[in-house]
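Participant: Listed in order, the protein sequences are those of chains C and V. According to UniProt numbering, the first sequence is numbered sequentially starting from 1. According to UniProt numbering, the second sequence is numbered sequentially starting from 1. Just so you know, even glycine gets a beta-carbon here, dropped at the ideal spot from N, CA and C.
Protein chains: 2
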Amino acid sequence: MEDTSEMVGRAFVDHYYHMFDNERASLCSVYRETSMLSFEGQKIVGDRDISSKLLQLPFDQCRHVISTVDSQPSSPGAGGGIVVFVSGSLHLPGEEHHLRFSQMFHLIPTTPGCFYVHNDIFRLNYG
Amino acid sequence: MEDTSEMVGRAFVDHYYHMFDNERASLCSVYRETSMLSFEGQKIVGDRDISSKLLQLPFDQCRHVISTVDSQPSSPGAGGGIVVFVSGSLHLPGEEHHLRFSQMFHLIPTTPGCFYVHNDIFRLNYG
């Protein structure tokens, strides 16, 4: 039986990459002022700047294919957040080869059943 | 200038993989009863079982080479933990090719300047 963190993690991952691939401007809604993104080593803080960064990536269309999702409750007590670790590949139009990536999210609860992304770390896998 | 989370993250990563490669039994000390490890999708809870898993991996000697370390404070308030995202490669004796991996840790403070690993997610990167 899957635990709650696994279910939330998978639902979030489906939601996030669906938005990324279809309506990237909406991604702003999952971040807050205190959110952080480390994108290939570049650190960006705040929903607005994170959203700008994601919109300015050098491709307009893309498709994420998810290989693995691992989720765990992130705090020892109850009511805490969830860490989600994703591996997958990024497919760009006209490119024969896809880019493998790993990404982690730390989801923090707001209202019951709702979360925002406090931490987001993205790295392409080389090699 | 590096921020505190980056400094703590790097120091932890150096410490962790040094122990892994030289005195793997000591790794038990960085985990607690509530700690979680997801190792290639297998979920293990508690310092003892995590330590057993790491000791039972099918190689006695190994060497981790770290490529990137990204760290961020994991909570909106002060005094919180740190999420650390690592990419690197695992070298085994007698093997020509190394194994690329990604791993994330969530460090939670105990006493000032001290942390334990609450979350640990490890995945090999397949090509």
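In three-state DSSP terms, what is S74 (chain V)?
Facilitator: Coil.
Participant: Within the 8 Å Cβ cut-off, does F115 (chain V) reach chain C?
Facilitator: Not an interface residue.
Participant: Should L54 (chain V) be flagged as near chain C, meaning a C-beta pair shorter than 8 Å?
Facilitator: No, L54 (chain V) does not count as interfacial toward chain C.
Participant: Contact between the segment 116-123 of chain C and the segment 57-74 of chain V: three or more CB pairs below 8 Å?
Facilitator: Yes, the segment 116-123 of chain C touches the segment 57-74 of chain V.
Participant: Using a Cβ-Cβ distance cut-off of 8 Å, determine whether P76 (chain V) contacts chain C.
Facilitator: Closer than 8 Å: yes.
Participant: Could you tell me which of C:L92, C:A11, C:V45 sits nearest to L57 (chain C), measuring between CA atoms?
Facilitator: When only C-alpha atoms are compared, the closest one is C:L92.
Participant: For a minimum of 4 consecutive residues, which ranges assigned as the alpha helix (DSSP H) are wholly contained in the UniProt domain "NTF2" (8-124) of chain V?
Facilitator: You should have 47-55.
Participant: V65 (chain V): which of V:Y16, V:M7, V:T4, V:S38 sits nearest, CA to CA?
Facilitator: When only C-alpha atoms are compared, the closest one is V:Y16.
Participant: Hey, is V30 (chain C)'s beta-carbon within less than 8 Å of any beta-carbon in chain V?
Facilitator: No, because no Cβ of chain V sits closer than 8 Å to the Cβ of V30 (chain C).
Participant: Any C-beta of chain V sitting closer than 8 Å to the C-beta of T68 (chain C)?
Facilitator: Closer than 8 Å to some Cβ of chain V, the Cβ of T68 (chain C) qualifies, so yes.
Participant: Against chain V, does G41 (chain C) count as a neighbour if the rule is that its beta carbon must be under 8 Å from one of theirs?
Facilitator: Judged by the 8 Å Cβ criterion, G41 (chain C) is in contact with chain V.
Participant: Counting only beta-carbon separations shorter than 8 Å, does T4 (chain C) have a partner in chain V?
Facilitator: So, not an interface residue.
Participant: Tell me which residues share the same chain as M19 (chain C) and place their Cβ nearer than 7 Å to its Cβ, disregarding the 5 neighbours each side in the sequence.
Facilitator: These residues qualify, in order along the chain: S26, L27.
Participant: Whose CA, out of C:V83, C:I82, C:F101, lies closest to the CA of L90 (chain C)?
Facilitator: Comparing Cα-Cα distances from L90 (chain C) to each of C:V83, C:I82, C:F101, the minimum goes to C:F101.
Participant: Anyone know if the C-beta pair for V8 (chain V) and I108 (chain V) falls short of 8 Å?
Facilitator: Contact: no.
Participant: Quick check: what's the CA-CA separation for Y31 (chain V) versus C114 (chain V)?
Facilitator: In a straight line, the C-alpha of Y31 (chain V) is about 12 Å away from that of C114 (chain V).
Participant: Identify, in the order they occur along the chain, each residue of the same chain with its Cβ nearer than 7 Å to the Cβ of D47 (chain V), setting aside the five sequence neighbours on each side.
Facilitator: Taken in chain order, the residues that qualify are C28, Y31, R32, E33, S35.
Participant: Can you have a look at S52 (chain V) and say buried or exposed, based on whether 16 or more other CB atoms are within 10 angstroms of its CB?
Facilitator: Exposed, since its Cβ has fewer than 16 Cβ neighbours within 10 Å.
Participant: Against chain V, does H106 (chain C) count as a neighbour if the rule is that its beta carbon must be under 8 Å from one of theirs?
Facilitator: Yes, because at least one Cβ of chain V sits closer than 8 Å to the Cβ of H106 (chain C).
Participant: Distance cutoff 8 Å, beta carbons only. Does R100 (chain C) sit that close to anything in chain V?
Facilitator: For R100 (chain C), the answer is yes, since a Cβ of chain V falls inside 8 Å of its Cβ.
Participant: On the criterion of 16 or more Cβ atoms from any shown chain inside 10 Å, does F12 (chain V) qualify as buried, or is it exposed?
Facilitator: So F12 (chain V) counts as buried.
Participant: Are the C-beta atoms of H118 (chain V) and some chain C residue less than 8 Å apart?
Facilitator: So, interface residue.
Participant: Can you give me the C-alpha to C-alpha distance between E23 (chain V) and L54 (chain V), rounded to a whole angstrom?
Facilitator: Their Cα atoms are separated by approximately 11 Å.
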